[in-house]
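These notes are about the structure you will find just below.
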Amino acid sequence: MEKIVFENLQETLFHEKLDNGLSVYILPKRGFSKTYVTFTTKYGSIDRTFIPRGKKELVTVPDGIAHFLEHKMFDKKEGDVFQKFGVLGASANAFTSFTRTSYLFSTTENLYENTKVLLDFVQEPYFTEEKVEKEKGIIAQEITMYDDNPDWRNYFGTIESLYKEHPVRIDIAGTIETIEEITAEHLYECYETFYHPSNMAVFVIGAVDPDEMMNFIKEDQKGKEFSEPEEILRQFPEEPIEAATKKTVLEMDVLRPKFNFGMKCNRTDLNGEEMLRQDLAVNLVLDILFGRTSEFYTRAYKDNLIDETFHYDFTLEKGFGFATVESDTENPTDLEAAIRKTLSSQVENWTIAESDLERARKRRIGQFMRSLNSIEFISNQFTTYNFNDMNLFDVVPTLEKMTIDHLKEAFSTISSEASHTVMTIVPGAKEN
Amino acid sequence: MFKKVVLQKGVNLYIRKTEQFKTITMSIKWISDLDAKQAAHRAVLSNVLQDSNAEYREQSELRKALDELYGTVFYMDAAKRDNTHMISLNMECVNDEYLSTDGVFNDALKLMQTVIFNPNLQDGSFDESVVSREKRTVIERIRSIYDDKARYAHKRMFDLMRPNNPASVSANGTEEGVESITGTTLLDTYEKMLKNDAIDIYIVGDVKEEELVEKIKEMFNFEEREFIRQSLELETNEVKEVRKVFEKQDMKQGKLQVGYSTPVSFYHPDYPKMQVTNGLFGGFAHSKLFMNVREKESMAYTVNSAYAAYYGVVYVMAGIDAELEEKAVKLIGEQIDALRNGNVTDMELEQTVALLSNSIRSAFDSARGQIEIYDQYKYFDEDFSADKWIAKWKAVTIEDIKQMASQINMELIYLLSGREA
């Protein structure tokens, strides 16, 4: 077992890659009464075209299948897995993102029994046509719920407007039509391909003894049979630099228009240290240009262009990346102009100075320290980074080494006007 | 779990020294009676105090100062509990131990002192431009509820069930209430808040207790005051006929809210029993609602119940196909019947107690969770601990569940749905 000590943070991380390829990470946290365990596969909604395990040809599966699979994992021959966790006092959940599917529980008692339930239910698939059919009603309601949610529509609508080809533009849950096509056979095919231990990671954090837990997981895995690890071949289409559409307007039954400015990132082939640096650098630039100390924010807030819902964000994964700046607003036109001006004036004449970087850096370091209080944050962020060969605990040293040139370079990956889009949700005309 | 120090009559300091966190968290709560007009004032006031002050006249200047303090978090908010209104000042800064510099906590305290005692006044009144901007912000906050259909349906249910009652008064007041605010009326609210409100100060983190008590006494020198909480009479009118209210908007899914009244409130000795009953009904993924409405019938993705204990209301929220409203209401009613008839297994009861216990223990793993839970439960016991409360849940029997469920009475069926349905 590898032991990695982060002295300044007073944290120690334990790691081992098991014989079957499974990566196990354990981070004990002093003073915590709960333990949070996640079991994650590097498989999300974007993995729709791939060569299934044991086959030679590429297939494209129906949209929404990774999420559908996540739902069906809980449903076993002997009943619902939530029941088992409930008896053992654990609160269980799961989620599917563009690139990952994660199963998790948190508990303050029966840690090993619960860990066993988690490992077993994720590693023992059980799908039948009847159960697959039944789930379609539940997922259709989930999709409809998100359809009625303007913030959700605004965010995902922006991604759809940015991407012309890449499957990140497709809803994670698919549509009511695409989930109709899903069969138990599809689920097994995807499961066999993506749920091999070598494509997965376990992360245990909180009240835990690292040696005991590592042994427990090892023993459990030894008792199960897996095929040899194989590399998974996924295929992604070529994505142009330009945004798919420049402007999208959607009518919904809302009182206040919702605005989102999307910027597609044109450097998404990095990994490891370089990727972490780019991720942090873009975030710092956004802090400086759009954060609450910025000229933009001060002016836009005073002029009623933005309100409390204002926020900005940057997402970077292998193959796609985008920044968004969003707010409810009475005046989408002026807000768009203000954002464009903020960006173009930096392109023409870079004004971000050392003092800006210094302040933004301090803020991000503090924010990172604060987030280390949350075991859920550490677990989810660590796993996301880990799948891209980045280390969460390198955040502070990377921030400390950041220079203005790094920011400039990072800014150039999102600043091109051609790769920008504007999404607005406006109050719709009422019928009746 | 918290050490209590009475700073003045009506002003209490609660400290929890712990090495669990890498930050120090502080929360100051000002508590007054809840009324819609004052709520509007207090919501705007908390925004105005958060915006700027005499030392940092511009929001951006204040935010720069916070960034320099390693991104110290500072925000204020307005909330209600029972029949009281609460303004909170919340601060969280990195513990100096983890930084190459020190004095961050001290500087953050000084900044909070400025926020409270040295507001952004111009000629003896709040800066008009700040006041009018923050009035607008609070109005936008009130209006935004309409855009979130689940929140809107929830609000409508309380409006219909408990009009003219704290249960339906918003912590932000009303749009009209906010419109009526002037710099002068706001100053009056500010002075009353400092002078009359009950004040609870919480600090959680790796602190030196004695030194800190002295520092707080000196820096936050509030005068003595007397605040007497008025007890709230529950409205539990005999329900003769269940009211049905259906409303339409342009949307796809039906948002169903079923409201029940119960005489068992937060202050009732049976409160823990009702918490368990609600958990069995629809609090978790093993609960009756989830298993029967979602898993068995595939009718919903979200279906759960909640217990607004201060107001004696239990309610169900479900996202369904609007055409299936009758079937859903019938199924929901059957789950209450099952509880009333004691149709509950020991396993279901154990699961519910185990998950309630897990949730309270887990909440204690964050500083804010410690503050918020203790702040509510200290009413019962100043030495409150999770384990003491868990013991009460563990003592609940199926007989208790039957009794509790028979005191949950359906009062309102509310459905918000699309126009074509």
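Those protein sequences? They're chains D and W, same order as listed.
Going by UniProt numbering, 381 is the number at position 381 of the first sequence; the sequence numbering is gapless.
Going by UniProt numbering, 272 is the number at position 272 of the second sequence; the sequence numbering is gapless.
We treat Cβ as the ideally placed atom computed from N, Cα and C, and that holds for glycine.
What you are looking at is a predicted structure, and each value in this text was computed from that prediction instead of being measured.
- When C-alpha distances from LEU280(D) are compared across ALA360(D), PHE203(D), LYS246(D), THR324(D), the shortest belongs to ALA360(D).
- If only uninterrupted alpha helix (DSSP H) runs of at least 4 residues are considered, none is enclosed by the segment 232-287 of chain D.
- CA-CA distance, LYS258(D) to ASP328(D), rounds to 4 Å.
- Between ASP197(W) and ARG151(W), the alpha-carbon positions lie close to 30 Å from each other.
- With a beta-carbon spacing of about 6 Å, VAL316(W) and GLY282(W) fall inside the 8 Å limit used to define contacts.
- Counting C-beta pairs closer than 8 Å gives fewer than three between the segment 96-107 of chain W and the segment 44-57 of chain W, which falls short of the contact rule.
- By alpha-carbon distance to GLU124(D), the top candidate from GLU113(D), PRO237(D), PHE6(D), LYS77(D) is LYS77(D).
- Your pair ASN388(D) and LYS318(D) checks out as a contact, with CB atoms roughly 6 Å apart and the cut at 8 Å.
- The beta carbon of LEU162(D) lies closer than 7 Å to those of ALA243, ALA244, GLY262, LYS264, PHE322, THR421 in the same chain, with the five residues before and after it left out.
- Apart from the 5 residues on each side of it in sequence, THR277(W) sits with its Cβ closer than 7 Å to the Cβ of LEU339, ILE401, MET404, ALA405 in its chain, given in chain order.
- In the DSSP annotation of this structure, the continuous segment of the alpha helix (DSSP H) that includes THR333(D) starts and ends at 332-348.
- Of all residues in the segment 359-375 of chain D, the ones placed with a Cβ closer than 8 Å to any Cβ belonging to chain W are ARG359, ALA360, LYS362, ARG363, ARG364, ILE365, GLY366, GLN367, MET369, ARG370, LEU372, ASN373, SER374, ILE375, in chain order.
- Rounded to whole angstroms, the separation of the alpha carbons of ALA173(D) and GLU130(D) is 20 Å.
- If you look at LYS17(D), you'll find it in the beta strand (DSSP E) that goes 11-17.
- Under the 8 Å Cβ criterion, the segment 256-270 of chain W does not count as touching the segment 191-208 of chain W, having fewer than three qualifying pairs.
- In this structure, DSSP gives ARG419(W) a state outside helix and strand, which the three-state scheme calls coil.
- Taking a cut-off of 8 Å on C-beta distances, the segment 363-375 of chain D does not touch the segment 294-310 of chain D, as fewer than three cross pairs fall below it.
- Pairing LEU62(W) with VAL245(W) gives a Cβ-Cβ distance that is not under 8 Å.
- For THR421(D), no alpha helix (DSSP H) segment is defined; the enclosing uninterrupted segment is the beta strand (DSSP E) at 420-427.
- ALA39(W) has its alpha-carbon roughly 47 Å from the corresponding atom of PHE6(D).
- Counting only Cβ-Cβ distances below 7 Å, SER132(W) has no contacts in chain D at all, with the closest Cβ about 10 Å away.
- In the structure shown, TYR267(W) falls within a coil segment according to DSSP collapsed to helix, strand and coil.
- The distance from the Cβ of PHE222(W) to that of LEU7(W) is about 7 Å, consistent with a contact at the 8 Å cut-off.
- Within the same chain, and ignoring the five residues on either side of ALA363(W) in sequence, the residues whose Cβ sits closer than 7 Å to its Cβ are GLY369, ILE373.
- At the C-beta level, VAL204(W) and LEU280(W) stay beyond 8 Å of one another.
- With a contact defined as Cβ atoms closer than 8 Å, TYR307(W) and GLN257(W) miss out at about 14 Å.
- Cα atoms of GLY21(D) and PHE50(D): separation of roughly 20 Å, rounded to the nearest angstrom.
- Interface with chain W (8 Å Cβ-Cβ cutoff): PHE32(D) is included.
- Its chain contains PRO237, GLU238, GLU239 as the residues whose beta carbon lies nearer than 7 Å to that of GLU165(D), once the 5 sequence neighbours on both sides are disregarded; these appear in chain order.
- VAL87(D) reaches chain W at HIS286, MET347, GLU350, GLN351, ALA354, counting residues in chain order whose Cβ is nearer than 9 Å.
- Only GLY319, ILE320, ASP321 from the segment 312-345 of chain W bring a Cβ to less than 8 Å from some Cβ of chain D.
- Comparing alpha-carbon positions, the option among LEU331(W), PHE227(W), VAL293(W) lying closest to LYS9(W) turns out to be PHE227(W).
- Within the same chain, Cβ atoms closer than 6 Å to the Cβ of MET26(W) are found at MET91, ILE203, the five residues on either side in sequence being excluded.
- Going by DSSP, PHE74(W) is part of the beta strand (DSSP E) stretching over 73-81.
- In this structure, LYS255(W) lies near LYS149(W), with their beta-carbon atoms less than 8 Å apart.
- Under a criterion of Cβ atoms nearer than 9 Å, no residue of chain D is adjacent to ASN304(W); the nearest Cβ is some 13 Å distant.
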